[in-house]
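All remarks here apply to the structure that follows.
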Amino acid sequence: MRAASGFALVIAAAVAGGGAAQAGDYDGSRPLICATMQALDCVAGEECVRGLASDVGVPSFMRIDFEQKAVIGPKRISPVLLMEKGATQLLLQGRELGFGWTIALDQESGQMSATLVDQGGVFVLFGACTVQ
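Each step along the sequence shown adds one to the number in numbering that gives the first Met the number 0, with nothing skipped, and position 125 is 124.
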């Protein structure tokens, strides 16, 4: 699997016990802690390789701080350059270490999908977030 060395970015996971989510938990009004659960590494002309986030150099856990407009990993802080709130999802976009990234967060469940892309290919991540 191709490594996105040093990647401190991207998202998601329903890690943390606790009660059911309240309305508004995933609408950008509260900070989130996220964990990635599955990763795909895709290069043009080849089959995608499945693995864990750690296999591609993405941290297992990170935070999304909407007030700071940042995704915060254990080694880096990546600014959110664009945030768009739709009827059912939040879209966050930014760039880090030569990659452009997008996070799509379901406002009701906290489930997320994320992509990290450069000229060499794309990493696709799946996970979920919970209120911090």
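We treat Cβ as the ideally placed atom computed from N, Cα and C, and that holds for glycine.
All figures in this text were calculated on a predicted structure; none of them were measured in a lab.
Between Ala69 and Pro78 a beta carbon distance of about 6 Å is seen, short of the 8 Å cut, so the two are scored as contacting.
In the three-state reduction of the DSSP assignment, Ala69 falls in the strand class. Straight across, the Cα-Cα distance linking Ser112 with Phe125 is about 5 Å.
In this structure, the CA atom of Asp26 is about 7 Å from the CA atom of Leu89. Rounded to the nearest angstrom, the gap between the Cα atoms of Trp100 and Leu39 is 14 Å.
With 16 or more other Cβ atoms from the protein chains shown falling within 10 Å of its own Cβ, Leu31 counts as buried.
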